[in-house]
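Following: one structure in C-alpha cells, then a few remarks.
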Amino acid sequence: MDARLEAVTGNLIVLEQAAEALRRMDDATYMEGGAAPGISPVGVHFRHVFDHYRAFLAGLPEGRIDYDARDRAVPLERDRELALAAALGYIMDLGRLPAELGARPVQVSTRSVAGASEDPDWAPSTVKRELQFLVSHTVHHYALIKELLRRADFDPGVEFGVAPSTLAARRDPACAR
0 MDARLEAVTG
10 NLIVLEQAAE
20 ALRRMDDATY
30 MEGGAAPGIS
40 PVGVHFRHVF
50 DHYRAFLAGL
60 PEGRIDYDAR
70 DRAVPLERDR
80 ELALAAALGY
90 IMDLGRLPAE
100 LGARPVQVST
110 RSVAGASEDP
120 DWAPSTVKRE
130 LQFLVSHTVH
140 HYALIKELLR
150 RADFDPGVEF
160 GVAPSTLAAR
170 RDPACAR
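Per numbering that gives the first Met the number 0, the sequence shown runs over residues 0 to 176.
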C-alpha cells in the first residue's frame, strides 16, 4: 500500500475524535446538546462537517469540489448512529487515498451564496490543500461542538477539537511550555 499523505492522517485523527465522542454520547445530547435560540445543536454541526467530507470525496473523481453543494436538514443531524456510520465511512474512504494523489490538481467552487450562479467560478487547488482545509474546518466546528457538549454536561475528551498539529506538539518533549 502507498504511503499515506500527512494531510490524510490529520483528517483521520479528527474523524476518530468524532467517532469516539459519538460512541459515548446519548441520542438526546446529539440532537439537542447545548442548543439555544439561534444556536444550532450538536447534530447540526456534525452534519455540516460531514457534508464537507462528502463533497470532497464526491468531487475527487472529476477534480471539481463544490463544498456549497451540500445536503441540509438531512436525517444525519438527528440520528447519532447515522453520524457515527458517516464518520467511520469517511475514515475508511480517506484511508484508501494514495499519497501520490496529494499533488493532483482540483478545482474548487467559489460560489458562496446559494443559488447565486448556475455555473460557479472555479479556483485552482490541490487534493493536499483541500485535505488541509478539511482538517481546519473540522477543528473549527469541533471547538463549537465541544462548547455545546460542555453546556450539556458531556465531556468529549481533552483532545476533541484540538488540531492534530497541536496534539503532536503537546506530545513532543522538545516543545517546552
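Positions of the beta carbon are idealized from the N, C-alpha and C atoms, including for glycine.
Under three-state DSSP, which class holds residue i?
i	result
Arg79	helix
Ser164	helix
Val157	coil
Pro104	strand
Ala34	coil
Arg110	coil
Arg69	coil
Within 10 angstroms of its Cβ, does residue i collect 16 or more other Cβ (buried), or is it exposed?
i	result
Gly178	The first residue shown for the chain is 0 and the last is 176, placing residue 178 beyond what the model contains.
Pro74	exposed
Val138	buried
Met0	In this prediction, Met0 scores a pLDDT of 37, lower than 50, which makes its location untrustworthy; the coordinate-derived value is nonetheless stated afterwards. Met0 comes out exposed.
Ala122	exposed
Val157	exposed
Glu129	buried
Thr165	exposed
Report, in whole angstroms, the separation of the C-beta atoms of residue i and residue j, which I expect to be a contact under 8 angstroms.
i	j	result
Ile64	Val13	Actually they do not touch by this definition, with Cβ atoms about 18 angstroms apart.
Gly42	Arg150	So it is not a contact: roughly 14 angstroms between Cβ atoms.
Leu4	Ile90	Contact doesn't hold; Cβ gap of about 14 angstroms is too wide.
Phe159	Tyr141	6 angstroms
Report whether the distance from the Cβ of residue i to the nearest heavy atom of the ligand ATP is below 7 angstroms.
i	result
Asp78	This structure simply doesn't include the ligand ATP, nor any ligand for that matter.
Subject >> Runs of beta strand (DSSP E) lying entirely within the region 119 to 152, each at least 3 residues, in chain order >> reply: 121 to 125
**OP:** Determine contact between the region 16 to 24 and the region 81 to 95, defined as no fewer than three beta-carbon pairs at a distance below 8 angstroms.
**Re:** yes
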